[in-house]
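Colleague: In terms of the UniProt record's numbering, the sequence shown is residues 1 to 184.
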Amino acid sequence: MKRHVLPWSLISGIVIGWYIVWPYLPEQIPRHYNAAGVVDGYFSKIEASSFSIGSMVVLYMIWLVFGFIKDKSTQQSKVLSAINYAILFIGLGTLFLVLGNYMQQTKPNGLVGIRMDWTLENPVVWRKTHRFASRVFVIGSLCIYVGALLPDPFNIFMGIGIILICIIVSTIKSYSIYKEELKM
């Protein structure tokens, strides 16, 4: 019974929050922006409130179902947990692989890529940075695939570590490329 108090409190808080702000909301609420930052999708007030409350209730129901399955067999839940993490990391590795392949083709923009001041103001720095970052992300994706085979909690630490290393190394390299370009 105690495990149901927090989720229902959060859901109730969302309902109360919607009730409080309802009179102050516009009739149309932006729900999606395109790449140019222009709103291209709207919710009505009732759609927005229904979506946020409904998604919380659906997530709670999923949590209840998986909690019930998990309680049935601890050994089975360990196997399911390992499979879930493996699937998560395979998906994450695939995302990094796709990003790595796509990254070297991007043009300077404020939406996608290594968006530092020095990369945005110089197209040469942008191109060199993203060519390097592309390789780093592809290598990182391969490491994430290997990390998917590790047991808990090593796979989690390895996955998060690889992501951070890819981002930090790419950012540091972009700054060094910028400094090299200033000397020329």
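No residue lacks a Cβ here, since even glycine has one placed at the ideal position from N, Cα and C.
Small disclaimer: the values here were computed from a predicted structure and weren't measured.
As a quick exercise: from Gly140, Lys107, Gly41 and Trp22, pick the residue whose alpha carbon is nearest that of Leu164.
Modeller: Here the closest residue by C-alpha is Gly140.
Colleague: Once you ignore the five residues that flank Phe89 on each side, which residues in its own chain have a CB closer than 8 Å to its CB?
Modeller: Ile144, Tyr145, Gly147, Ala148, Asn155 and Gly159
Colleague: Val58: buried (16+ other C-beta within 10 angstroms of its C-beta) or exposed?
Modeller: For Val58, the number of other beta carbons within 10 angstroms of its own is below 16, and it is reported as exposed.
Colleague: Starting from Tyr33, follow its DSSP beta bridges and name the residues at the other end.
Modeller: Val39
Colleague: Is it the case that the Cβ atoms of Gly161 and Ala133 are separated by a distance below 9 Å?
Modeller: no
Colleague: Looking at the unbroken alpha helix (DSSP H) that takes in Pro133, where does it start and where does it end?
Modeller: At residue 133 the sequence reads Ala, which differs from the Pro that was named. Counting along the chain, the alpha helix (DSSP H) containing Ala133 begins and ends at Pro123 to Gly147.
Colleague: In the DSSP output, what is Ser44 paired with across the bridge?
Modeller: Gln28
Colleague: Alpha carbon to alpha carbon, what distance is there between Gly37 and Asn101?
Modeller: 25 Å
Colleague: Evaluate the contact criterion for the stretch 6-20 versus the stretch 45-63: three or more CB pairs, one atom per stretch, below 8 Å.
Modeller: yes
Colleague: Comparing the CB of Leu95 with every heavy atom of the ligand SAH, is any distance shorter than 8 Å?
Modeller: In terms of ligand content, the structure shown is empty, and the ligand SAH therefore cannot be addressed.
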